[in-house]
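> Sharing a structure, written as structure tokens. Questions coming.
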Ligand SMILES: [Ca+2]
Ligand SMILES: [Ca+2]
């Protein structure tokens, strides 16, 4: 078994503050079918939380999904766009734990590389994260 860890290093709101308001960011991360949510970072548009989400998986390829939300009391949480593809707000990719390659992006990444992605639609943010594998 391998331990896959996604570390969310920073999240920054890209929309103007008057449209966006102050964000209450949190992430939901699914690794190999297991979903975890981070705490909420209240009322901040620019955070460096170093959130770590980790799951044990058999050696091989596993799907990873990262979703960002803005917590809104009394309303459904708003999905934040962190994917530059239109009409898609989440990031979906794969980790191959056998060779530590991150698959599914236009650029090729390995374990520990800082991956930067930003959305282009309303309510967008830039996220910086890493994927690491422990044995
Ligand atoms: Ca909010
Ligand atoms: Ca998008």
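Numbering (the working numbering), first residue to last: 111 to 245. All C-beta atoms in this analysis are idealised placements derived from N, C-alpha and C, irrespective of residue type, glycine included.
#1: Would you check if the distance between the CB atom of residue 170 and the CB atom of residue 194 is smaller than 9 Å?
#2: Would DSSP call residue 177 helix, strand or coil?
#3: Using a threshold of 8 Å, is the CB atom of residue 131 nearer than that to any non-hydrogen atom of ligand 1?
#4: Out of 132, 125, 120 and 163, point me to the one whose CA is closest to residue 139's CA.
#5: Out of 160, 184, 200 and 133, state which residue places its alpha-carbon closest to the alpha-carbon of residue 174.
#6: Would you identify the three-state DSSP class for residue 162, choosing helix, strand or coil?
#7: How about residue 218 and residue 211: do their beta carbons lie closer than 9 Å?
#8: Got a sec, what are the start and stop residues for the beta strand (DSSP E) residue 192 sits in?
Reading from the atomic positions:
#1: Taking the chain shown and counting its residues from 1, one reaches residue 170 at position 60. Taking the chain shown and counting its residues from 1, one reaches residue 194 at position 84. No; because the gap between Cβ atoms is not below 9 Å, this pair is not in contact.
#2: Along the chain shown, read from residue 1 onward, the residue named residue 177 stands at position 67. In the structure shown, residue 177 sits in a strand (DSSP, three-state: E or B).
#3: The residue given as residue 131 occupies position 21 in the chain shown. Residue 131 Cβ: within cutoff of ligand 1.
#4: For the purposes of this step, residue 139 is taken as the residue at position 29 of the chain shown. The residue with the shortest Cα to Cα distance from residue 139 is 163.
#5: Mapped onto the chain shown, residue 174 falls at position 64. Closest by alpha carbon: 200.
#6: As a working mapping, residue 162 is identified with position 52 in the chain shown. Reduced to three states, the DSSP call for residue 162 is strand.
#7: Working through the chain shown from its first residue, we reach residue 218 at position 108. Working through the chain shown from its first residue, we reach residue 211 at position 101. Taking 9 Å as the Cβ cut-off, residue 218 and residue 211 qualify as a contacting pair.
#8: Here residue 192 refers to the residue found at position 82 of the chain shown. Counting along the chain, residue 192 falls outside any beta strand (DSSP E), and DSSP gives it neither H nor E.
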